Structures are given as C-alpha cells and as structure tokens.
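Here the protein sequences come in this chain order: Y and S. Under my numbering, think of the first position of the first sequence as 1, with each following residue one higher. Under my numbering, think of the first position of the second sequence as 161, with each following residue one higher. Each residue gets a CB set at the ideal place from its N, CA and C atoms; glycine is no exception. This structure is a prediction, so every number in the text was calculated from the model and none was measured.
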Amino acid sequence: MSTTGATGEERAKNRRGIRGWLNPYHYNLERWAYFFQRVTGVAILAYLLGHLGDTSFFVGGPTGSGPSSSSWAFIGSIFENSFGHLILVLLVVVLFFHGANGIRLILAEFGLILKKPGRIEYPYEARSLGLGQKYLFWLALTVAIIAAIWAFLVLFEGMG
Amino acid sequence: MRESRLMLVQYVTAVLAVVLVSIHLIMQGVLYPYTTAISFSNILSIYRNGLYATFLEALLVVTLVHGFDGVRIILHEWRQTAPWSRWVDIGTILAIVISVGYGTRTVILAVFGGVAA
Numbered sequence: 001m002s003t004t005g006a007t008g009e010e011r012a013k014n015r016r017g018i019r020g021w022l023n024p025y026h027y028n029l030e031r032w033a034y035f036f037q038r039v040t041g042v043a044i045l046a047y048l049l050g051h052l053g054d055t056s057f058f059v060g061g062p063t064g065s066g067p068s069s070s071s072w073a074f075i076g077s078i079f080e081n082s083f084g085h086l087i088l089v090l091l092v093v094v095l096f097f098h099g100a101n102g103i104r105l106i107l108a109e110f111g112l113i114l115k116k117p118g119r120i121e122y123p124y125e126a127r128s129l130g131l132g133q134k135y136l137f138w139l140a141l142t143v144a145i146i147a148a149i150w151a152f153l154v155l156f157e158g159m160g
Numbered sequence: 161m162r163e164s165r166l167m168l169v170q171y172v173t174a175v176l177a178v179v180l181v182s183i184h185l186i187m188q189g190v191l192y193p194y195t196t197a198i199s200f201s202n203i204l205s206i207y208r209n210g211l212y213a214t215f216l217e218a219l220l221v222v223t224l225v226h227g228f229d230g231v232r233i234i235l236h237e238w239r240q241t242a243p244w245s246r247w248v249d250i251g252t253i254l255a256i257v258i259s260v261g262y263g264t265r266t267v268i269l270a271v272f273g274g275v276a277a
C-alpha cells in the first residue's frame with residue numbers, strides 16, 4: 001500500500017516508535033522473541049561497557065600504566081559480593097537467551113527453519129512460522145535457565 | 161557500506177561472539193574455580209600468554225562491533241530520516257572506535273606494562 005499523500009497525522013499514527021515495542025497487544029511468540037532479543041541486547045551492551053571499565057582497573061584504571069594488584073583488589077572489593085554475583089547470574093540468563101535466540105533468528109533469516117509461505121486463511125497465522133523455530137525459542141529459554149543455575153552454583157559456591 | 165553487507169557483519173559477529181563468549185565463560189567458570197579465575201596472578205598469566213591476549217582482543221572487537229551495530233539497527237528501526245540515519249551511523253563508528261580503543265589500551269598495558277603492587 002502506498003503512503004504517498006498521507007497527512008502528518010496519519011504518518012504519526014503509523015509510526016509508533018519505541019511505544020510500538022512496549023505495547024504487547026496482539027503479540028505472538030515471535031514478536032515477544034523479537035522484543036526480548038532487543039532488550040537483552042541493550043542490557044548486554046550496557047554490561048559490556050561497564051566491564052570495559054572494571055577490567056581497566058587491572059592496569060590501574062583510566063590513568064594506570066600497567067598491571068596493579070592494589071587497583072584490582074579495589075575494584076574487586078566493590079563488585080565481588082552477593083549483589084555483584086546476582087547481577088552476573090542475571091547477565092548469564094540474558095546472555096544465553098540472546099545467543100540461543102540469535103542463532104534461531106539467523107537460521108530464520110536464511111530460511112533454514114521456515115516453511116513455505118501459503119495463502120492467508122483463518123485464523124490468519126503465518127504458515128511460514130513452523131514448529132521448528134518455535135521449539136528453538138523454547139530451547140533458548142531452557143538453555144538460559146540451565147545456564148543461570150550453573151552460574152549461580154559457580155558464583156555462590158562457598159559464599160554462605 | 162550497503163545495509164545488506166552490514167547485516168551480514170551483524171550475523172558473522174553474532175556467530176563469532178557465541179563461540180568467543182562461550183570460551184570466555186568456560187575459562188571463567190569451568191576450567192578454574194571462580195575465585196582462582198579472577199585472581200590477579202591468574203589474569204596476569206592469561207594476559208601474558210600471546211594466544212590468550214589475542215583471544216581477548218578478538219572478543220573485545222567482535223562483541224563491541226556486534227553490540228553497537230545492534231543498537232544502530234534498533235535506532236534505524238525507530239526513526240527513518242536522512243539526518244537521523246547519518247548521525248546514528250557516525251555515532252556508531254565513534255562509539256566502536258572509542259570503546260575498542262579503551263579496551264585495547266587495557267590489553268596492551270596488561271601485556272607490556274610493568275607490574276605494580
């Protein structure tokens with residue numbers, strides 16, 4: 001459908017922007033997966049930037065000049081506690097979900113897990129979205145949960 | 161670069177990131193107990209091993225390119241005007257250069273810097 005000649009108001013209604021993400025009305029499984037893929041991606045990038053900052057303390061921080069055990073001990077005293085480890089467990093959940101769901105998306109992008117598209121009929125479900133890619137979504141969630149349990153055992157071992 | 165090529169970069173870095181991050185997690189949580197993995201002496205020995213240092217640099221570049229390109233894609237989906245697209249692309253390149261530069265500085269200093277108490 002051409003949008004040529006649409007008024008500014010019509011264009012504004014059509015462009016939901018960030019609110020389009022946050023409104024779950026009429027979301028199907030794939031739409032939720034899309035939403036979580038982006039939210040987890042942004043969260044991982046935020047952690048990654050923080051991780052760049054904290055690992056720099058291995059060499060004395062922004063003004064350091066080489067490996068420094070006192071600087072490393074200082075940053076460890078801030079982050080190596082139950083709260084810091086809880087953040088790492090959450091990170092592992094989103095990391096594994098993002099990775100596993102990302103593989104599903106790549107396979108779908110190259111058409112490897114999609115069925116042939118067919119004529120749209122009631123109840124208007126996309127025929128190309130087969131069970132295979134749905135199973136992969138649930139597999140991604142399962143992998144994330146198992147990884148979280150593993151991370152919890154590794155990080156909280158001996159903290160009690 | 162054409163958008164289709166950039167999307168391919170996103171997929172290739174995604175696959176590489178899955179492999180590299182998996183190795184990183186195995187090194188941090190499987191090969192050694194966690195407290196040993198994050199000890200100063202263990203990290204120093206990792207950085208001073210040329211292969212591991214190269215691995216960490218590759219991990220740095222791949223994850224940051226993938227992460228910032230992902231944000232670029234989100235921002236392009238959000239708004240589609242020529243100035244917005246141009247500034248998003250410029251901002252993405254700057255963010256990658258600055259963050260990779262800062263991370264590379266850590267790797268170089270850890271490998272070649274003098275060890276202090």
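Checklist entry - Roughly how many angstroms separate the alpha carbons of LEU107/Y and THR63/Y, rounded to a whole number? => result Position 107 of the first sequence, counted from the first residue, corresponds to residue 107/Y. Position 63 of the first sequence, counted from the first residue, corresponds to residue 63/Y. Cα-Cα distance, rounded: 44 Å.
Checklist entry - At a CB-CB cut-off below 8 Å, which residues of chain Y make contact with TYR171/S? => result Sequence index remark: in the second sequence, residue 171/S carries index 11 (1-based). The contacting residues are ILE106, GLU109.
Next on the checklist: With a threshold of 6 Å on Cβ separation, who are the neighbours of THR3/Y within its own chain once the five nearest residues in sequence on each side are excluded?
Outcome noted: Along the first sequence, one-based indexing puts residue 3/Y at 3. In this prediction, THR3/Y scores a pLDDT of 47, lower than 50, which makes its location untrustworthy; no coordinate-derived value is stated.
Checklist entry - Rounded to a whole number of angstroms, what is the C-alpha to C-alpha distance between PHE79/Y and ALA242/S? => result Within the first sequence, numbered from 1, the residue matching residue 79/Y stands at position 79. Within the second sequence, numbered from 1, the residue matching residue 242/S stands at position 82. Whole-angstrom Cα-Cα distance: 42 Å.
Next on the checklist: Considering Cα atoms alone, identify which of LEU168/S, VAL175/S, VAL275/S is closest to TRP72/Y.
Outcome noted: Counting from one through the first sequence, the residue named residue 72/Y turns up at place 72. Here the closest residue by C-alpha is VAL275/S.
Checklist entry - What does THR223/S touch in chain Y if you count any residue whose Cβ is under 9 Å from its own? => result Position 63 of the second sequence, counting from 1, holds the residue named residue 223/S. In chain order: ILE44, LEU45, LEU48.
Checklist entry - Is it right to say ALA147/Y is buried, meaning 16 or more other beta carbons lie within 10 angstroms of its own, or is it exposed? => result Here the question's residue 147/Y lines up with position 147 in the first sequence. ALA147/Y should be labelled buried.
Item to check | Integer Cβ distance of ILE113/Y from GLY99/Y, believed to fall under 8 Å | outcome: Taking the first residue of the first sequence as position 1, residue 113/Y is located at position 113. Taking the first residue of the first sequence as position 1, residue 99/Y is located at position 99. No, ILE113/Y and GLY99/Y are not in contact; Cβ-Cβ is about 16 Å, not under 8 Å.
Checklist entry - If you measure beta-carbon to beta-carbon, which residues of the region 255-273 of chain S are closer than 7 Å to chain Y? => result Residues passing the 7 Å Cβ filter: SER259, TYR262, GLY263, THR266, LEU269, ALA270, GLY273.
Item to check | Runs of beta strand (DSSP E) wholly within the region 238-273 of chain S (minimum 3 residues, chain order) | outcome: none
Item to check | Three-way DSSP call (helix, strand, coil) for ALA276/S in this model | outcome: Taking the second sequence and counting its residues from 1, one reaches residue 276/S at position 116. Three-state DSSP puts ALA276/S in a strand.
Next on the checklist: Taking the alpha helix (DSSP H) that GLY41/Y belongs to, which residues open and close that run?
Outcome noted: Here residue 41/Y refers to the residue found at position 41 when the first sequence is read from its first residue. First-last of the alpha helix (DSSP H) with GLY41/Y: 29-56.
Next on the checklist: Just to make sure I have the definition right: I need the residues of chain Y whose C-beta is within less than 7 Å of the C-beta of PHE200/S. Which are they?
Outcome noted: On the second sequence, position 40 is the one that residue 200/S refers to. The contacting residues are SER69, TRP72.
Item to check | Under 7 Å from the C-beta of ILE186/S: neighbouring residues of chain Y | outcome: To locate residue 186/S, count along the second sequence from 1; it is residue 26. What ILE186/S touches in chain Y: nothing, since even the nearest Cβ is about 11 Å away.
Next on the checklist: Going by DSSP in three states, SER68/Y sits in which element: helix, strand or coil?
Outcome noted: To locate residue 68/Y, count along the first sequence from 1; it is residue 68. Residue state, collapsed to three classes: strand.
Checklist entry - Looking at the C-beta of GLY66/Y, does it have a partner C-beta in chain S at a distance below 9 Å? => result As a position in the first sequence, residue 66/Y is number 66, starting the count at 1. True, the Cβ-Cβ gap to chain S drops below 9 Å.
Next on the checklist: Would you say GLU30/Y lies against chain S (beta-carbon separation less than 9 Å)?
Outcome noted: Position 30 of the first sequence, counted from the start, is the residue given in the question as residue 30/Y. Judged by the 9 Å Cβ criterion, GLU30/Y is not in contact with chain S.
Item to check | Where THR195/S falls, given that 16 or more other Cβ within 10 Å makes a residue buried | outcome: The residue given as residue 195/S occupies position 35 in the second sequence. Exposed, because fewer than 16 other Cβ atoms sit within 10 Å of the Cβ of THR195/S.
Checklist entry - Can you find a C-beta in chain S that's less than 9 Å from the C-beta of THR142/Y? => result Taking the first residue of the first sequence as 1, we reach residue 142/Y at position 142. Not one chain S Cβ lies under 9 Å of THR142/Y.
Checklist entry - Do GLY154/S and ARG38/Y have their C-beta atoms closer together than 9 Å? => result There is simply no residue 154/S to check, as chain S begins at 161 and stops at 277 in what is shown.
Checklist entry - What's the call for TYR124/Y, buried or exposed, on a 16-neighbour Cβ count within 10 Å? => result The count along the first sequence starts at 1 and reaches residue 124/Y at position 124. Per the 10 Å Cβ criterion, exposed.
Checklist entry - Rounded to a whole number of angstroms, what is the C-alpha to C-alpha distance between GLY160/Y and LEU88/Y? => result Here residue 160/Y refers to the residue found at position 160 when the first sequence is read from its first residue. Here residue 88/Y refers to the residue found at position 88 when the first sequence is read from its first residue. Legend: pLDDT at GLY160/Y = 46, less than 50; position of this residue unreliable, no value from coordinates given.
Checklist entry - Using a beta-carbon distance below 9 Å, is LEU220/S in contact with chain Y? => result Within the second sequence, the letter at position 60 stands for residue 220/S. At least one chain Y Cβ lies under 9 Å of LEU220/S.
Checklist entry - Just checking my contact of VAL178/S with LEU220/S at CB under 8 Å: how many whole Å lie between their CB atoms? => result As a working note, residue 178/S is residue 18 in the second sequence. As a working note, residue 220/S is residue 60 in the second sequence. Not a contact, Cβ separation roughly 16 Å.
Item to check | Closer than 9 Å to chain S by CB, ILE149/Y | outcome: Counting from 1 along the first sequence, the entry for residue 149/Y is found at position 149. It does not: the Cβ of ILE149/Y has no partner Cβ on chain S nearer than 9 Å.
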